Amino acid sequence: MRRQIPAGGIKLIKTVCLDTKTKAFTDNCLAADISELRIIEDNIVWADVADPTSSDFEELAEEFGFHHLSIEDCRNEHQRPKVEEYPGYYFIVLYEAQLVGPNDRLELRELNIFLGKNYLVTVHSQPIRAVETAARLWHEWSDRAEHGSGLLAYILIDAIVDDYLPLLGVISDRMDDLEDSIFGEFQSGAIEEIFAIKKKLLYLRRSVTPLRDVFNTLLRREQPIFARETHVYFQDVFDHLIRVSDTIDNLRDMLSSTMDAYLSVSGNRMNMIMKRLTSISTILMSVTLVAGIYGMNFDLMPELKWQYGYVFALLSMVGIGAGLYLYLKKVNWL
Amino acid sequence: MRRQIPAGGIKLIKTVCLDTKTKAFTDNCLAADISELRIIEDNIVWADVADPTSSDFEELAEEFGFHHLSIEDCRNEHQRPKVEEYPGYYFIVLYEAQLVGPNDRLELRELNIFLGKNYLVTVHSQPIRAVETAARLWHEWSDRAEHGSGLLAYILIDAIVDDYLPLLGVISDRMDDLEDSIFGEFQSGAIEEIFAIKKKLLYLRRSVTPLRDVFNTLLRREQPIFARETHVYFQDVFDHLIRVSDTIDNLRDMLSSTMDAYLSVSGNRMNMIMKRLTSISTILMSVTLVAGIYGMNFDLMPELKWQYGYVFALLSMVGIGAGLYLYLKKVNWL
Amino acid sequence: MRRQIPAGGIKLIKTVCLDTKTKAFTDNCLAADISELRIIEDNIVWADVADPTSSDFEELAEEFGFHHLSIEDCRNEHQRPKVEEYPGYYFIVLYEAQLVGPNDRLELRELNIFLGKNYLVTVHSQPIRAVETAARLWHEWSDRAEHGSGLLAYILIDAIVDDYLPLLGVISDRMDDLEDSIFGEFQSGAIEEIFAIKKKLLYLRRSVTPLRDVFNTLLRREQPIFARETHVYFQDVFDHLIRVSDTIDNLRDMLSSTMDAYLSVSGNRMNMIMKRLTSISTILMSVTLVAGIYGMNFDLMPELKWQYGYVFALLSMVGIGAGLYLYLKKVNWL
Amino acid sequence: MRRQIPAGGIKLIKTVCLDTKTKAFTDNCLAADISELRIIEDNIVWADVADPTSSDFEELAEEFGFHHLSIEDCRNEHQRPKVEEYPGYYFIVLYEAQLVGPNDRLELRELNIFLGKNYLVTVHSQPIRAVETAARLWHEWSDRAEHGSGLLAYILIDAIVDDYLPLLGVISDRMDDLEDSIFGEFQSGAIEEIFAIKKKLLYLRRSVTPLRDVFNTLLRREQPIFARETHVYFQDVFDHLIRVSDTIDNLRDMLSSTMDAYLSVSGNRMNMIMKRLTSISTILMSVTLVAGIYGMNFDLMPELKWQYGYVFALLSMVGIGAGLYLYLKKVNWL
Amino acid sequence: MRRQIPAGGIKLIKTVCLDTKTKAFTDNCLAADISELRIIEDNIVWADVADPTSSDFEELAEEFGFHHLSIEDCRNEHQRPKVEEYPGYYFIVLYEAQLVGPNDRLELRELNIFLGKNYLVTVHSQPIRAVETAARLWHEWSDRAEHGSGLLAYILIDAIVDDYLPLLGVISDRMDDLEDSIFGEFQSGAIEEIFAIKKKLLYLRRSVTPLRDVFNTLLRREQPIFARETHVYFQDVFDHLIRVSDTIDNLRDMLSSTMDAYLSVSGNRMNMIMKRLTSISTILMSVTLVAGIYGMNFDLMPELKWQYGYVFALLSMVGIGAGLYLYLKKVNWL
């Protein structure tokens, strides 16, 4: 899959070039040819760099003239999602989210985007599904090629942002199950899962809200790099970002409701247990009292002499026990 | 009810055209005539499209020149409520709310509105009551026809927004009942209903607050499409949106108070149960102690020889029991 | 009290006219004369309409040229407090608050104000005390007549806003009592009163904070209707609104502290009850154990033969009970 | 201390005049001379009015031309802290805080400041320490006299604001003690003190944050009364106000943590008590069971005939009791 | 290490001078030479003053012309982090954070920076690691010398800000451990550690968020002292500040989740304990009841005469006990 550039070139997975005039794609160009391709103004070059080495970074910086601070951010992973404006290009960091494994572990994969007037450079150390999707869609949308690199960036970012929604759907379903189980059979272990979902939502929010805020700022001011017509696409990404972050906030609200419900139901069960304790104690103590009474050693206790005294005592015990049981059952304490 | 347009036309439920000069309405125009009607500048055309197919969307986009992103949003349901400005028209998404069924299940029905200078296109996949209301009111308000499509949009949106208030009234009444029941007989199941209302309010807030925020932004900046006089109508919608969202926030505040009250009352009942447990244990143990004492086997226990020793023992048991009972009743532990 | 205007006139309680030049008041003018009085520019006309009928609204709208949307808001009660700017006048909705009845029930009475350059129209369906106060003060402040209708509006609104403070004082005093009772005797019913006050504060906040926000906006922008000198009066109203809403927020903060205190103290009492339960159980069970031992049927139990065995047993019971009691008293469990 | 002005003058505690040219102070000027002193432009007059009567207010208003609304605010105590701009002067209300008495009761003393271009009038009904401090410092800072009345206002306000910090230090120390006691011996009465501190912080915040907000606004806009060089002093006051209000917010955060800790530790102790209850019940019930067994009246119970049966029974009781005790001690339930 | 300047000079640890033209560094210049070095415009002078005396401050103020208010802030420790603009220089206060000792005690060390056009003065009373780091990096980055003192300030501030991240990593790891322990073995003492971390995060937030806010303001307005190219470095510091403060906020969110989890698990354990109490009581009471029955003194109790009556009684006790035990084990109450 991975193409090794022979001498001195950057290790690129994919390089695609689109001539916006002829609408012709040149897939798998050589990294060495990037400089040439970029000279022609109508060309849009997309270079996708996976798992880059230190020298890759240096060559990228040289070829495209990236500021050393943005290269530094690219090198150090775990940046916060952001859009930064540098002279001649935007530097964008965002995260693709995926649930993996049997426990639906949340995995966030960092994608660094350098978005220039007629190029897009994507850098990532883990495989990003949206890169494949964007490559496919870009070919399909070639009739809108006049929007240039902005359209490509839109397709790529939108693919990542839209992927959050089904993932949030999975979490939402799991929460509905949890809620049912809390009001149903009540499993005290549910708290652990509530807590795990809370953490997931926290991480998801971290990877979306900063982007939303930055897009908000970007869309409100003058954007000299892109034409007015491309603007509407970024408006759309912003709209999806709001939708995703609103959904996350709603799930968080709902989760805290679930938590409250859990605690209340848990408190109710505690009350129930205490009532039961009171009931059982009362029944057993009352019955024992009868036995205690007939265990007294008074010389003159007529019942002791009766032929059916013992049976009478046992029956009164059963009677008292059953009576109390029925009463406590009726008032819903047992 | 539904009229099938024969050849190639859009499947429309209703098309109404109003000549703002003569104030004459033309109901049930043919979809095929829309283009002709729109040529006359004084005409306001309202096309209501229900449950549209994929080809309907395409014809709509072609006829009115809608941007493919707005058509896309219209096609994918469950958009967040919003007002988006596109060249030549506004794209509005909002939700009609209704409580249905015996359990007052909340149903939110999406309505997409394309609002142009002299047309209004409404798209929805479920029946929207406000569409009927707006059609009726538009005819009645024909004396204000000079406000154009803006007035129609106002009537439609206001009909939807105003419908939230009686619905919130129903919820508010239910909450008052809940509250009474909590301080009254206390049913531990109330928590489930509190939780259900909480969710309803969450969904209602989601479908109102984004609209409120967008209207706020819209009203503060220049609105080139509509005349200054129409502005006051949108101010009115905004006012109603604030009222609805304030009411929702108030109900949420009140619900969380109810929740707190529930928890406190629940805690108090727990205290009460514990007091009762202590009381019953104390009484029964004390009485049993008497039986235990006279069950001892000492050779010299004068009471055992007394003629009324047994009666005395029983009476002292009753005495101790009754005494403790009265005391605990007095200090409010039983 | 109420004066019935004979033919076709608006049913007015009070109409006062002030000539700002001569500073002469004309009380109880006829509603029919309003049009004439308004022609003279120096006149300030105040028309107070109580419990208006549908035709009253129509005549008002015609006489003063009110927009049908503001008349609509006036007709439909339970508007949220607001200040709306219409061409030529402000439409203001606010609420007078009063505690009534033995339970200090909170009553909020709506007052609609139409404030024009040289007139003030007040509409309300319930009696408003501030109307009387304002009428009296307006006569007293005639030396500041040059501030025109703005001054009258100031007097009226300020009378309403200032009335909130003593009312909040009553609530504050009640909260101090509650707090003392929680840390003192502790009544579990206090939660119900905390909840009732919470609701009152919620309603009061609803009727003040929107006004505060609107005044804030009004004062920050150009106010073409009123002169600069009148501005300082509205600044003063705004200051009082902040004071009232700050006080409400403080009371809410304090109430939530009281609530927390209630819950903590309630929890502590639970702990105390549990300690007491443990203590009583321990004492009774220990004493019963002694009785149980001497109730055993061994042939060889020397104590049973002793002359004072029984007394010894009883004394050891008392001794054990008293010892445990003193110990538990010392460690503060009883 | 208090100097009585003979005929018709305002009852002043202190009047100080500074000639900014010669840097000469004239202490204890006569109130009657204020008008004359103010005529000379280089003079800065500071008039400190304590416990003023109604006629004092009138004379103040006449002498300095104060607006009747600011005089009204000055007369009615318990204003919220604020800075209001009136034509020709600022009206400032702020509070000096002090802990008094054995219970560290918080006392807030109101100080009203009228700050004009070349005068400062301070009005208060209770003694204000900062007035003395400011009088002393003003003499010492005479080399910066060119900053005029602004510098004097700075010295005075800064003296008040800086006095909050040691007071907050006292509260912070007390909170550390509380915290130690909660994790240490745990006194259930701590909740009452937490609550008392919470109230103190609430009052302190009320008397600082409004000032901070107003200073923020003042510093951001044009300040025509004072020169640019004086601006830096007010920036400094603002910085101290932020520091004080940040400290208050931090203490509030910490207090709510302490409250949470209290509740958790309280919950843990409850758990401990319940464990102990379970343990003691188990031990006593088990031992009593042995006694119960040998209290049975079967004809054939070999142990009853044994010579050391009784001793055996007692020893088995002790054994069971001790065994359970050691086990429960080991699992940390006792 | 510390160099003592002989006569009258400021006690400096380190003075470095960089000629931005020749890119030559002059390390360890004499304090006495500072004035001379500063005359040459291309020189950047960095003076690091440790543990300064009162006279040091005076000489600093004289040499660089610092405003007495900034010197005052420098003298009084425990300032809040801030960036203040004075004529000709910025005064910056920030804190270096470190975990020290076996208990990971948080230590915050204050660093005061005076940042002028071609000088940087750092003042601190405790050793600051970032000073060493910055000294080293400044030499390495000499190729970017044209950015002047701004670059040096960037290196220094960034070194301090970046040091927060590993520290937060340590706290985050500790929180993961805590969380595992809560859902695992559950130690009731965990609450004390949660509380300690909460306090640490509170202090860290205090030392970061004010800086973030100030940088935000600084970057949005005109910055006359530094060139546009240096701006990007401060943007980078701002980005790191956001990252640090976001991380702190996330940890706080997570900690409060952990706290909730702790409380819920603690509540669950309480429920478990109560269930166990109920179970043990029930078993022991039931078994004791059997003993009580056969301890009754009825003349006619056939079982008492049976040869294996006693064995039968014992077996029935064991049977009842075991049966209940197994049942309660099955329903998970034991």
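Protein chains in written order, with this note's numbering: chain E, 1 to 334; chain Z, 1001 to 1334; chain F, 2001 to 2334; chain G, 3001 to 3334; chain B, 4001 to 4334.
Even glycine gets a Cβ: it sits at the ideal position worked out from N, Cα and C.
Here the structure is a predicted model, which means the values were calculated and not measured.
C-beta atoms of residue i and residue j nearer than 7 Å
i, j, result
"residue 292 of chain E", "residue 1288 of chain Z", "yes"
"residue 1203 of chain Z", "residue 1106 of chain Z", "yes"
"residue 2081 of chain F", "residue 2211 of chain F", "yes"
"residue 1242 of chain Z", "residue 1201 of chain Z", "no"
"residue 3192 of chain G", "residue 2183 of chain F", "yes"
"residue 1230 of chain Z", "residue 1150 of chain Z", "yes"
"residue 1160 of chain Z", "residue 1096 of chain Z", "yes"
"residue 2310 of chain F", "residue 1301 of chain Z", "yes"
"residue 3131 of chain G", "residue 3049 of chain G", "no"
"residue 2281 of chain F", "residue 2328 of chain F", "no"
"residue 1121 of chain Z", "residue 1047 of chain Z", "yes"
"residue 69 of chain E", "residue 89 of chain E", "no"
"residue 4207 of chain B", "residue 4324 of chain B", "no"
"residue 3321 of chain G", "residue 4295 of chain B", "no"
"residue 315 of chain E", "residue 4298 of chain B", "no"
Per-residue DSSP class, three states only, for residue i
i, result
"residue 4116 of chain B", "strand"
"residue 2092 of chain F", "strand"
"residue 2106 of chain F", "strand"
"residue 4156 of chain B", "helix"
"residue 3211 of chain G", "helix"
"residue 4331 of chain B", "coil"
Within chain C, partners of residue i - CB distance below 9 Å
i, result
"residue 2270 of chain F", "Structure shown: chain C not included; protein chains present are E, Z, F, G and B."
Per-residue burial, residue i [other beta carbons within 10 Å of its own, 16 or more giving buried]
i, result
"residue 112 of chain E", "buried"
"residue 3326 of chain G", "exposed"
"residue 3024 of chain G", "exposed"
"residue 2029 of chain F", "buried"
"residue 2039 of chain F", "exposed"
"residue 2236 of chain F", "buried"
Anticipated Cβ contact below 8 Å, residue i with residue j, distance rounded
i, j, result
"residue 1044 of chain Z", "residue 1063 of chain Z", "Not quite, the Cβ-Cβ distance comes to about 16 Å (not below 8 Å), so this is no contact."
"residue 3148 of chain G", "residue 3020 of chain G", "6 Å"
"residue 313 of chain E", "residue 331 of chain E", "At roughly 27 Å, the Cβ-Cβ gap does not stay under 8 Å, so residue 313 of chain E and residue 331 of chain E are not in contact."
Practice prompt. Could I get the ranges of all uninterrupted alpha helix (DSSP H) runs contained in the stretch 2015-2089 of chain F, with 4 residues as the minimum, in chain order?
Written response: Counting only runs of 4 or more residues that sit fully inside the stretch 2015-2089 of chain F, the alpha helix (DSSP H) segments are 2034-2039, 2054-2064, 2068-2075, in chain order.
Worksheet entry | In chain order, each alpha helix (DSSP H) run of at least 4 residues that lies wholly inside the stretch 4124-4192 of chain B | 4129-4140, 4148-4162, 4164-4183
Worksheet entry | Unbroken stretches of the beta strand (DSSP E), 3 residues or longer, contained in the stretch 3294-3332 of chain G | none
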